[in-house]
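The structure under discussion appears below in the form of structure tokens.
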Amino acid sequence: MSQDSLSDSTLVRGYVDGDAEAHTAVDGWIHSAASSFRRRLARSWEDLLQDLHLEVFRLLRDRKFEGGSSLKTYVWRVVQHTCLDYCRAQARNREDEMGDPDALDRLGSRSAHQGARAADRDLLLRVLEEVGDDCRRLWRMVTEGWSYREMSEELGATAGALRVRVLRCRKKALEVRDRLLRNKGPGSDA
Amino acid sequence: MNEIDNSTPMDHTAVIERLPWLVNGTLDTEEGQRVREHLEACESCRTELRATRDGFDVFDAHLPTEVLLSHAWGEDTGWPRETVERHLASCPRCAEELEMVEEGRERLNAPSPFDPPRDLPFPPPRASTGNAWRYAAWAATVLLVIGLGGWWNTWHSTREEGDRLAQQRIALEAEVERLKLDNEMTQDQVAELEKSAAQLRQDLQDAQVDLQVAETRPRNIESEPAVPMLSAAVLTLSASTTRGNEESVQIPENAWLPVSLVPPSGWGPEDGPFLVRLLGSESPPLKTSRDDQGYLNVILPQEVIPVGEVTLEVEARSGETQTYRFVRSLD
Chain A
634 MSQDSLSDST
644 LVRGYVDGDA
654 EAHTAVDGWI
664 HSAASSFRRR
674 LARSWEDLLQ
684 DLHLEVFRLL
694 RDRKFEGGSS
704 LKTYVWRVVQ
714 HTCLDYCRAQ
724 ARNREDEMGD
734 PDALDRLGSR
744 SAHQGARAAD
754 RDLLLRVLEE
764 VGDDCRRLWR
774 MVTEGWSYRE
784 MSEELGATAG
794 ALRVRVLRCR
804 KKALEVRDRL
814 LRNKGPGSDA
Chain B
-10 MNEIDNSTPM
0 DHTAVIERLP
10 WLVNGTLDTE
20 EGQRVREHLE
30 ACESCRTELR
40 ATRDGFDVFD
50 AHLPTEVLLS
60 HAWGEDTGWP
70 RETVERHLAS
80 CPRCAEELEM
90 VEEGRERLNA
100 PSPFDPPRDL
110 PFPPPRASTG
120 NAWRYAAWAA
130 TVLLVIGLGG
140 WWNTWHSTRE
150 EGDRLAQQRI
160 ALEAEVERLK
170 LDNEMTQDQV
180 AELEKSAAQL
190 RQDLQDAQVD
200 LQVAETRPRN
210 IESEPAVPML
220 SAAVLTLSAS
230 TTRGNEESVQ
240 IPENAWLPVS
250 LVPPSGWGPE
260 DGPFLVRLLG
270 SESPPLKTSR
280 DDQGYLNVIL
290 PQEVIPVGEV
300 TLEVEARSGE
310 TQTYRFVRSL
320 D
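So the sequence lines, in the order shown, correspond to chains A and B.
Quick note on numbering: my numbering labels position 10 of the first sequence as 643, and the sequence is numbered without any gaps.
Quick note on numbering: my numbering labels position 163 of the second sequence as 152, and the sequence is numbered without any gaps.
Next comes the structure, spelled out in structure tokens:
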């Protein structure tokens, strides 16, 4: 075992046992690693730090650190992963607040393809590549919460023409998705 | 202006075309109500609603967290590199996340003041680089002299004497290597300490900025004793914030709102002073400059901030402007 890993194992033990020096070191790393997310998560910063400390403590206590990298690198990676997930969860919450999803669920729940969101995200990205820049731009505005009137002003198109373009893009995207799913086939890795 | 006739029921086409904005919650109240009423009674349009929500899943797809992290760390993501890069080129959200990860990763390589001391023993500071090299130079000189002596002796003296000198040479070579090794460790350590010192200087600067910000609060409160500063953290605004993602803030009555604006990357200190205007307000512009961290800081009294979307316009000395938005929600 190298000197560094010896030092790391001492730190891990110290951190879990509540040693002040080990906490100073690891907590300092957590703070440094998360600092690039501070601007984005300004309002949740203190909550996030608490979550990060808890997550790192939990992982070290449960001996998830196996020494494949230095402890510092491991902590960095855990912190960045947690921060990214935090940012994404916040974005999802904002999106879910937009259109009263409960009411929409009553009218029409999401289709069976919704599972593709997590499992086949590479497939969804391939769909995005095929639909083209214009459709991606239009729909990015929709997913970001622009109204069709704001979009028509911004893009210099009539509201009616804009709505038709957005509808066509959606149809095209779902056609591509269905074709790719068919080509992939059940249980295929292609 | 509403383009549809409110007195007649909406037809299928009109409903289906509006579904994306029903889902994103931006239809007018009345328009949304009419679409919902149609959906309650129309199975085919409900099918279209499901397809619309699937459309959101497709168009709001992003790189998985682990793929983004692995890409930023230069590791194999398990995905074709061109797929990842094409998505990053067309997705501002993933591109922004990648930037944050890369910025954070750069900090990993800088020694942290929190790093624990290394377990490896290294020479005390007095064994400085110069002395170590001096020893090495002396040893090398002695080695050369003895080496020449050895050559001379093997030529002129006995074989036994030559062997003895050769052994001395081996011992001296080992001593030279040891001194060089010590010297390298010292240089590494010096470099590490210099980096730590640089990091500490940066942290000190950050702390000084925090102190300056903190010091402005009591002064403002002193000058306006009846006006409490908003206790929440400073509102930090970026010009790249996309519509719908604006920060939302509540401001208690009689409070002040400290705001930090992130200037465009092309604006330097020389572009200041900067004038900050609250669009739609009669209040005079506020003058500000970049602070040590590059932010433009202003403090807005709540009575000039309207409820709803608020737009701040910053004008550089050149006349170039940049706008920032946030939302003031109901108190």
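The beta carbon of each residue, even a glycine, is placed where N, CA and C say it ideally should be.
{"Item": "Identity of the residues DSSP links to B/F263 by a beta bridge", "Value": "B/T277"}
{"Item": "Contacts of B/D260 in chain A (Cβ-Cβ under 8 Å)", "Value": "Correct list: empty, because the minimum Cβ distance to chain A is about 21 Å."}
{"Item": "Alpha-carbon spacing of A/S677 relative to A/L771, whole angstroms", "Value": "30 Å"}
{"Item": "Spatial distance of B/V303 from B/A61 (CA atoms)", "Value": "33 Å"}
{"Item": "Nearest-angstrom beta carbon gap, B/R314 and B/I240 [assumed within contact, 8 Å]", "Value": "Not really, about 16 Å apart at Cβ, beyond 8 Å."}
{"Item": "Three-pair Cβ contact test at 8 Å for the segment 65 to 73 of chain B versus the segment 752 to 765 of chain A", "Value": "yes"}
{"Item": "Contact list for A/A666 against chain B, beta-carbon separation under 8 Å", "Value": "G93, R96 and L97"}
{"Item": "Residues that B/P53 contacts on chain A, provided the C-beta gap is smaller than 8 Å", "Value": "R754"}
{"Item": "Exposure label - A/R801; buried when at least 16 CB within 10 Å", "Value": "exposed"}
{"Item": "Contact with chain B by A/T791, beta-carbon distance below 7 Å", "Value": "no"}
{"Item": "C-beta neighbour in chain B for A/R672, strict 7 Å", "Value": "yes"}
{"Item": "Beta-carbon neighbours of A/S669, restricted to chain B and to distances below 9 Å", "Value": "E88, M89, V90, E91, E92, G93, R94, E95 and R96"}
{"Item": "Neighbour-count burial assignment, B/S367, 16 or more Cβ in a 10 Å radius", "Value": "The question about residue 367 of chain B has no answer, for chain B in this structure spans -10 to 320."}
{"Item": "Positions along the segment 9 to 23 of chain B whose CB lies within less than 7 Å of some CB in chain A", "Value": "P9, W10, L11, V12, N13, G14 and T15"}
{"Item": "Supposed contact pair A/R694 and A/V659 - C-beta distance, whole angstroms, cut 8 Å", "Value": "Going by Cβ atoms, the distance from A/V659 to A/R694 rounds to 12 Å, so no, they are not a contact pair."}
{"Item": "Selected residue, minimal CA-CA separation from B/N13, among B/F45, B/T36 and B/R266", "Value": "B/F45"}
{"Item": "Cα-Cα separation, A/H714 to B/A30", "Value": "45 Å"}
{"Item": "A/H746 at chain B interface by Cβ criterion, 7 Å", "Value": "Confidence at A/H746 is low in this model, with a pLDDT of 47, below 50, so the placement of that residue is unreliable and no value is reported for it."}
{"Item": "Length of the line joining the Cα atoms of A/R672 and B/E55", "Value": "22 Å"}
{"Item": "Exposure label - A/D822; buried when at least 16 CB within 10 Å", "Value": "With a pLDDT of 42 at A/D822, under the threshold of 50, the modelled position of this residue cannot be trusted; read the value that follows with caution. A/D822 is exposed by the Cβ-count criterion."}
{"Item": "For B/T231 and A/F670, the rounded distance between their alpha carbons", "Value": "17 Å"}
{"Item": "Own chain residues within Cβ distance below 6 Å of B/M89, not counting five before or after", "Value": "none"}
{"Item": "CA-to-CA distance, B/T277 to B/E259, given in whole angstroms", "Value": "12 Å"}
{"Item": "C-alpha distance - A/I663 paired with A/R769, whole-angstrom precision", "Value": "36 Å"}
{"Item": "Interface residues of chain B facing A/D718 [CB-CB closer than 9 Å]", "Value": "T54"}
{"Item": "Cβ of A/H656 within 7 Å of any chain B Cβ", "Value": "no"}
{"Item": "Backbone CA spacing between B/P(-2) and B/R7 [nearest angstrom]", "Value": "14 Å"}
{"Item": "Environment of A/A794 [buried if 16+ CB atoms lie within 10 Å]", "Value": "exposed"}
{"Item": "Short CB-CB distance (under 7 Å) between A/V799 and chain B", "Value": "yes"}
{"Item": "According to DSSP, residues forming a beta bridge with B/L67", "Value": "The sequence given here places Gly at residue 67 of chain B; Leu does not occur at that position. According to DSSP, B/G67 bridges with nothing at all."}
{"Item": "Nearest neighbour of B/I288, chosen from B/G297, B/E298, B/Q282 and B/P273 [CA to CA]", "Value": "B/P273"}
{"Item": "7 Å Cβ cutoff, A/S642 in contact with chain B", "Value": "no"}
{"Item": "Cβ neighbour criterion (16 or more within 10 Å) applied to A/T791", "Value": "exposed"}
{"Item": "Neighbour list for A/A806 in chain B, Cβ cutoff strictly below 9 Å", "Value": "D43, G44, V47 and F48"}
{"Item": "Buried versus exposed call for B/D286 [16 or more other C-beta atoms within 10 Å across all chains shown]", "Value": "Note that residue 286 of chain B corresponds to Asn in the displayed sequence, not to Asp. Buried, because 16 or more other Cβ atoms sit within 10 Å of the Cβ of B/N286."}
{"Item": "B/E236 (DSSP reduced to helix, strand or coil)", "Value": "strand"}
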